[in-house]
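Note that the protein sequences, when read in sequence, are chains X and D.
Residues in the first sequence are numbered consecutively from 700, following our numbering.
Residues in the second sequence are numbered consecutively from 700, following our numbering.
C-beta: ideal position from N, C-alpha, C; glycine also.
Accompanying notes for the structure given below.
2 protein chains.
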Amino acid sequence: MKKRTLETCFSPAMYEPERHKGSLVVIIDILRATSAICSAFANGVKSIIPVESIGEARDYKNRGYLVAAERDGIILDFADFGNSPFNFTRDKIEGKTIVYSTTNGTGIIKLASSAAYIVIGSFLNITALTRWLLEKDQDVILFCAGWKNRFNLEDSVCAGAFAEKLMNSRQFDTICDSTKAAIDLWGLAKDDLRRYIDKAAHRSRLKANGLDDCIDFCLTPDYTDKIPVIKDGVLVDNIL
Amino acid sequence: MKKRTLETCFSPAMYEPERHKGSLVVIIDILRATSAICSAFANGVKSIIPVESIGEARDYKNRGYLVAAERDGIILDFADFGNSPFNFTRDKIEGKTIVYSTTNGTGIIKLASSAAYIVIGSFLNITALTRWLLEKDQDVILFCAGWKNRFNLEDSVCAGAFAEKLMNSRQFDTICDSTKAAIDLWGLAKDDLRRYIDKAAHRSRLKANGLDDCIDFCLTPDYTDKIPVIKDGVLVDNIL
């Protein structure tokens with residue numbers, strides 16, 4: 700039986716939309732966008748509208764939506780909250796549609812729009828999402844958000860954790876060096892993940908802005924079994 | 700004393716010419732371009748003219764130059780040889796100027812042209828080049844050629860070997876996650892480098908084309924003390 704192909708992309712700058720047409724794309728931006736999105740679905744959000752520009756986010760705000768929007772970790776002045784997963788509490792968001800704009804994550808969702816499905820991955824939903832991916836039959840690309848088109852450690856390590864699980868299923872082949880490197884980095888990190896992530900540059904950026912209180916939470920495996928999926932441009936819980 | 704900054708770039712797609720203006724850029728494309736260039740200088744080549752396009756390479760050939768040119772590991776029909784380091788023997792190249800065009804390496808030299816200096820790095824000249832870098836006072840960027848804009852293992856591991864030496868000098872600081880990942884991958888690879896490189900995708904590509912006979916040679920540390928440097932668009936032995 701022909702195996703499915705697994706690839707990893709370390710940065711939006713390296714993403715090749717043409718090559719990944721028809722694949723399952725897993726977006727990974729664990730500090731903090733994809734962790735926050737998983738957390739929001741765990742807390743009962745109905746749907747999330749991802750927007751790229753600040754202008755779009757402001758328009759939605761003016762139309763009465765709850766808006767989560769930040770740039771470089773700083774909440775925009777008109778927004779209801781930023782993208783800490785701790786903001787998306789059940790009392791604020793249950794049953795609601797919210798609008799979400801981030802530094803990296805939202806642009807990436809647009810970049811991947813030629814894919815068969817775009818799903819949101821983090822440690823918070825790793826086992827449930829892996830199971831979901833194994834039930835499908837498309838190729839998979841683990842798409843790390845990185846930081847301003849650069850490689851980052853935290854997303855690469857999380858991609859490695861997904862890749863290890865997917866490769867262990869024996870459904871996949873990979874000749875992708877990024878996948879092999881990600882698995883190796885995960886191998887180095889997994890025994891003390893928090894210690895490994897502490898050397899990541901973005902961890903220092905969050906600390907500098909007082910936004911690093913959620914890191915342990917973002918590294919928690921299997922907090923939820925939600926599978927946020929893009930459907931007609933909007934994130935909804937897995938309805939496929 | 701303010702330390703110098705060390706960064707690593709895993710792919711031309713991620714290179715930021717504006718940010719690296721005035722830096723020392725080390726080009727790393729060990730299978731096989733930068734190893735072949737180091738080997739050519741070890742064997743007495745006078746200078747190497749890097750060209751990007753096949754047309755340029757052909758023009759030089761018509762003007763009587765020795766031309767090394769390949770695409771995807773295959774020698775072009777008009778060229779004198781491809782880019783195996785074994786082609787650059789002393790009897791063919793000593794005292795001569797040769798023209799060199801490759802799949803990845805030549806384009807990268809152009810991309811990095813805003814740098815203070817562009818130097819050619821490989822395991823073959825790692826100790827000598829590290830010493831040279833330590834004598835300068837600019838920031839350093841280790842620029843991996845990768846493969847068609849993608850990350851590759853062999854160049855990243857070599858970058859990690861350079862990075863470890865440079866960081867051990869205590870002259871450098873880095874907040875670059877790519878550098879940290881490269882050092883970690885080098886840490887996994889160094890006890891049995893050939894075994895680690897054997898899982899790289901490009902190793903399979905070379906094998907498929909019968910071009911993998913030079914891999915052990917390309918992994919040989921300190922075969923030469925030559926420092927190929929770009930001077931007025933041409934590679935010469937360190938004259939700085």
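Closest residue to residue i among the options (Cα-Cα distance)
i	options	result
residue 670 (chain D)	D:798, D:894, D:872	Since the first and last residues shown for chain D are 700 and 939, residue 670 (chain D) lies out of range.
residue 740 (chain X)	X:780, X:789, X:749	X:789
residue 930 (chain D)	D:732, D:882, D:814	D:814
residue 764 (chain X)	X:777, X:892, X:923	X:777
residue 752 (chain D)	D:862, D:766, D:746	D:766
residue 865 (chain D)	D:782, D:742, D:838, D:801	D:838
residue 851 (chain X)	X:719, X:899, X:735, X:831	X:899
residue 772 (chain X)	X:783, X:762, X:779	X:783
residue 745 (chain X)	X:794, X:908, X:798	X:794
residue 750 (chain D)	D:937, D:727, D:809	D:809
residue 812 (chain D)	D:769, D:909, D:717	D:717
residue 819 (chain D)	D:713, D:840, D:769	D:840
residue 923 (chain D)	D:721, D:791, D:738, D:816	D:738
residue 894 (chain X)	X:881, X:856, X:880	X:856
residue 885 (chain X)	X:928, X:859, X:846	X:859
residue 863 (chain D)	D:833, D:845, D:846	D:833
residue 909 (chain D)	D:747, D:774, D:715	D:774
residue 927 (chain X)	X:743, X:780, X:713	X:743
residue 921 (chain D)	D:770, D:902, D:768, D:828	D:828
residue 769 (chain X)	X:759, X:760, X:762, X:781	X:781
residue 879 (chain X)	D:932, D:853, D:791, D:720	D:853
residue 846 (chain X)	X:728, X:719, X:785, X:715	X:728
residue 903 (chain D)	D:707, D:730, D:722, D:720	D:730
residue 719 (chain X)	X:831, X:888, X:816, X:907	X:816
residue 932 (chain D)	D:799, D:890, D:925	D:799
residue 714 (chain X)	X:801, X:843, X:792	X:843
residue 916 (chain X)	X:755, X:836, X:791, X:892	X:892
residue 755 (chain D)	D:801, D:721, D:722	D:801
residue 868 (chain D)	D:890, D:883, D:836	D:836
Chain-ordered chain X contacts of residue i [CB-CB under 7 angstroms]
i	result
residue 867 (chain D)	Those within 7 angstroms of residue 867 (chain D) in chain X number zero; the least Cβ separation is about 17 angstroms.
residue 709 (chain D)	709, 850
Per-residue contacts from residue i into chain X (C-beta, under 8 angstroms)
i	result
residue 821 (chain D)	Within chain X, no residue comes near residue 821 (chain D); the closest Cβ sits about 18 angstroms away, beyond 8 angstroms.
residue 665 (chain D)	Summary: the structure shown does not reach residue 665 (chain D), with chain D confined to residues 700 through 939, and so no result is reported for it.
residue 880 (chain D)	850, 852, 855, 880, 884
residue 874 (chain D)	900, 903
Neighbour list for residue i in chain D, Cβ cutoff strictly below 7 angstroms
i	result
residue 883 (chain X)	884, 887
Assumed close pair residue i, residue j - CB separation to whole angstroms, cut-off 8 angstroms
i	j	result
residue 724 (chain X)	residue 861 (chain X)	Not confirmed; about 12 angstroms, so no contact.
residue 711 (chain X)	residue 807 (chain X)	6 angstroms
residue 759 (chain D)	residue 747 (chain D)	Not really, about 11 angstroms apart at Cβ, beyond 8 angstroms.
residue 787 (chain X)	residue 913 (chain X)	Between residue 913 (chain X) and residue 787 (chain X) the Cβ distance is about 11 angstroms, and since that is not below 8 angstroms, they are no contact.
residue 942 (chain X)	residue 877 (chain D)	Outside the shown range of chain X, which is 700 to 939, sits residue 942 (chain X), and nothing can be said about it.
residue 937 (chain X)	residue 831 (chain X)	7 angstroms
residue 707 (chain D)	residue 881 (chain D)	5 angstroms
residue 905 (chain D)	residue 911 (chain D)	4 angstroms
Heavy atom of the ligand PLP within 7 angstroms of residue i beta-carbon
i	result
residue 748 (chain D)	Summarising the ligand content, the structure contains no ligands, and the ligand PLP is consequently not present.
(request) Count the CB pairs spanning the region 701-718 of chain D and the region 860-874 of chain D that are closer than 8 angstroms, and state whether there are at least three. (result) Contact between the region 701-718 of chain D and the region 860-874 of chain D is present, because at least three Cβ pairs lie under 8 angstroms.
(message) Please identify, using Cβ separations under 7 angstroms, the residues of the region 891-913 of chain X that lie next to chain D, in order along the chain.
(response) The residues in question are 898, 899, 900, 903.
(message) So if I threshold CB-CB distances at 7 angstroms, which residues from the region 702-732 of chain D count as touching chain X?
(response) 709, 710, 712, 713
(request) Could you list the residues in the region 753-783 of chain D with a C-beta less than 8 angstroms from some C-beta on chain X, going in chain order? (result) none
(request) May I ask you to verify whether the region 812-828 of chain D touches the region 729-737 of chain D, counting CB pairs closer than 8 angstroms and requiring at least 3? (result) yes
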